[in-house]
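There are 2 protein chains.
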Amino acid sequence: MSESPVPHEPPIYRRIADGLRSRILSGELRDGDRLPGENTLMADYAIARATARQALGVLINEGLAVPKRGSGVYVRLFKPIRRHGSRRLARAQWGQGRSIWDADTRGRPFTVDEVEVVRERASDEIAGVLESHEVWVRRRRYSVDARPVQLATSYFPANLVEGSAITAAETGPGGVYARLSDLGLPPAHFTEEVRARMPGPRESALLGLPGGTPVIVIDRTAYTAGGLPVELNEMVLDAAAYVLQYDFDA
Amino acid sequence: MSESPVPHEPPIYRRIADGLRSRILSGELRDGDRLPGENTLMADYAIARATARQALGVLINEGLAVPKRGSGVYVRLFKPIRRHGSRRLARAQWGQGRSIWDADTRGRPFTVDEVEVVRERASDEIAGVLESHEVWVRRRRYSVDARPVQLATSYFPANLVEGSAITAAETGPGGVYARLSDLGLPPAHFTEEVRARMPGPRESALLGLPGGTPVIVIDRTAYTAGGLPVELNEMVLDAAAYVLQYDFDA
DNA sequence: ATCATTGAATTCTCTAGAGATGTAGCGCAC
DNA sequence: GTGCGCTACATCTCTAGAGAATTCAATGAT
Chain C
-14 MSESPVPHEP
-4 PIYRRIADGL
6 RSRILSGELR
16 DGDRLPGENT
26 LMADYAIARA
36 TARQALGVLI
46 NEGLAVPKRG
56 SGVYVRLFKP
66 IRRHGSRRLA
76 RAQWGQGRSI
86 WDADTRGRPF
96 TVDEVEVVRE
106 RASDEIAGVL
116 ESHEVWVRRR
126 RYSVDARPVQ
136 LATSYFPANL
146 VEGSAITAAE
156 TGPGGVYARL
166 SDLGLPPAHF
176 TEEVRARMPG
186 PRESALLGLP
196 GGTPVIVIDR
206 TAYTAGGLPV
216 ELNEMVLDAA
226 AYVLQYDFDA
Chain R
-14 MSESPVPHEP
-4 PIYRRIADGL
6 RSRILSGELR
16 DGDRLPGENT
26 LMADYAIARA
36 TARQALGVLI
46 NEGLAVPKRG
56 SGVYVRLFKP
66 IRRHGSRRLA
76 RAQWGQGRSI
86 WDADTRGRPF
96 TVDEVEVVRE
106 RASDEIAGVL
116 ESHEVWVRRR
126 RYSVDARPVQ
136 LATSYFPANL
146 VEGSAITAAE
156 TGPGGVYARL
166 SDLGLPPAHF
176 TEEVRARMPG
186 PRESALLGLP
196 GGTPVIVIDR
206 TAYTAGGLPV
216 ELNEMVLDAA
226 AYVLQYDFDA
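Written out as structure tokens, the structure is:
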């Protein structure tokens, strides 16, 4: 007789993780609550430290828990920002001196830092999209409630924007899209490519991401009505901080 | 004199991971190549097995490498499927007997399994969106090249679709959207909410995900021209297998 | 009252070793 | 040849222990 429809019962660390997970999902442990730590698990289950760490690591990797060194492991909280795709780029938004980000945060305070504006030689991929080998690059980091949530890098064909406010740190009211309009290059069509992956160490550090947090990568290309690409914007978002919304008709 | 402008140099496992990562990103190690394994790292760096595992774990968690038990750790390959948002739902797609998925895979063969069609009592969240407490639910799993890439669960208000082919396993040509049209309920407007997170154990098992792979979760609601919600579809995608594309005008 | 210091608690890093489990290739029997 | 079993090798799981790094609250000095 084969006795095992389930051949191998899960290892210890996984069973402990399963138990903690169900306590989180059932609501017994709530946002911000402290989980039993390494020492507690070692005592409760009579296991080695490495095994206890492995159990907690499962939940941390799933994004359900966040470790705080010297303090403990805590249930993670999830309060996403809603980012609108199509609607946020409607002319009403950027045509009236309102910045795009306003639509994202719905009035929540935000800050920009790490602003860098440089002229560079484009990589092959970017040159291929923008049809230009020299580009102006704007790099910045956005934070909400003093927490960094997004890295953004915009590329503009150098010959199109040379001498405009786009090459300056401050772009003035309405942001770069208003300036492109001033140049007679108003964006008319957008393509966004969305991917998700785990962050590299640099992204992880700049966004202050705990373990188990993926990033969403959006590559947005803006075209004029004539089909001329005028901007390529790569955004790296803390996936735990965002919900993307896209509306469209059939 | 303070001798350390860098107060703490990174731990051993991290330095090893950094070295391997740069070898991957530089192209020295390519898609599918085998990385040095636990035993090799132990010998090369004179470290314990746990430390070697930790180093490899970093790359695995970043999604750059995939462990194959009993064989080794390999550089991961990334061949995404392009999924179109707005364009894929254009009337031309679902009005002519072509299934939506055709547009996604661009002709690549795909299979559907784990089909389940049941009538259920809706959860509060779903009932709130669909304005109905009884729903028909269609659960399925899609695979491309014999690899599962997406879990999908669709909810329909029971009173609207009762007796139609939507309650049967086979929906006929054009899929459920063509059937909704037959019922006089053609979808006219869509809202998609996109999130990314790490998978739970169930999702991980059903999709066969290796460590370090996030999932993209899309919640799509379809409305008729009159604003009546007719479908809520929750899709869970292997993030390593997909690129989402959204096109829209300013 | 405010600030600096101390100490307990906690996570993080690493060593050393051992058995279990799965993979892949090789040779042998059929 | 084909298939089966054996074997070397690799990852996976776990034990036991120890020191480093960080946090946080309590204590003490100013």
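Protein sequences, first through last, are from chains C and R. Counting from 1, position 14 in the first sequence corresponds to residue -1 in the working numbering; the numbering is continuous, with no gaps. Counting from 1, position 13 in the second sequence corresponds to residue -2 in the working numbering; the numbering is continuous, with no gaps. No residue lacks a Cβ here, since even glycine has one placed at the ideal position from N, Cα and C. Every value quoted in this text rests on a predicted model; they were computed, and no experiment measured them.
Residue i, buried or exposed, once every other Cβ within 10 Å from all chains shown has been counted against 16
i	result
R:R182	buried
R:L10	exposed
C:F175	buried
C:L62	exposed
C:P(-4)	exposed
R:D223	buried
R:R205	buried
R:G211	exposed
For residue i, the nearest candidate out of the options (CA to CA)
i	options	result
C:R68	C:Q135, C:G197, C:V103	C:Q135
R:V102	R:W121, R:G4, R:L168	R:W121
C:A154	C:R123, C:P184, C:L14	C:R123
R:G48	C:G12, C:G185, C:E105, C:L170	C:G185
C:L194	C:R34, C:R(-1), C:A50, C:L20	C:A50
R:L213	R:G196, R:D204, R:A173	R:A173
C:R104	C:G113, C:S117, C:E110	C:S117
R:N218	R:L115, R:G148, R:S56	R:L115
C:G197	C:I203, C:L20, C:P52	C:P52
C-alpha distance - residue i paired with residue j, whole-angstrom precision
i	j	result
C:R180	C:A225	14 Å
C:V43	C:E177	33 Å
R:E(-6)	C:I45	24 Å
R:P133	R:L191	8 Å
R:I201	C:V228	11 Å
R:F233	R:S71	8 Å
C:E119	R:V129	40 Å
C:V146	R:A2	41 Å
R:L165	R:E99	23 Å
R:Y30	R:R8	17 Å
R:R83	R:Y162	Low confidence applies to R:R83: its pLDDT is 42, below 50, so where it sits in the model is not reliable, and the reading given next is rough at best. Going by the C-alpha atoms only, they are around 11 Å apart.
R:L74	R:P65	Legend: pLDDT at R:L74 = 44, less than 50; position of this residue unreliable, value from coordinates given subsequently. Rounded to whole angstroms, R:L74 to R:P65 spans 20 Å at the Cα level.
C:L170	C:N144	13 Å
R:A131	R:V97	10 Å
R:S189	C:A107	38 Å
C:G55	R:R38	24 Å
R:A235	R:T156	36 Å
R:A33	R:D18	24 Å
R:I151	R:R187	26 Å
R:G159	C:E13	45 Å
R:I203	R:R125	15 Å
C:V58	C:I111	42 Å
R:G113	C:D109	48 Å
R:T25	C:T209	54 Å
CB-CB length for residue i against residue j, believed under 8 Å
i	j	result
C:V215	C:F141	7 Å
R:A137	R:M220	5 Å
C:A35	R:A35	7 Å
C:L41	C:E23	7 Å
R:R(-1)	R:V60	Going by Cβ atoms, the distance from R:R(-1) to R:V60 rounds to 19 Å, so no, they are not a contact pair.
C:S149	C:L168	6 Å
C:Y231	R:Y231	5 Å
R:P21	C:P199	With a Cβ gap of about 26 Å, R:P21 and C:P199 do not count as contacting.
Residue i in three-state terms, based on DSSP
i	result
R:L136	strand
C:Y162	helix
C:A226	helix
C:G12	coil
C:E110	helix
R:A35	helix
R:A40	helix
C:M183	coil
R:G4	helix
R:A173	strand
C:A143	helix
C:S189	helix
R:L26	helix
C:D234	strand
R:L217	strand
C:D130	coil
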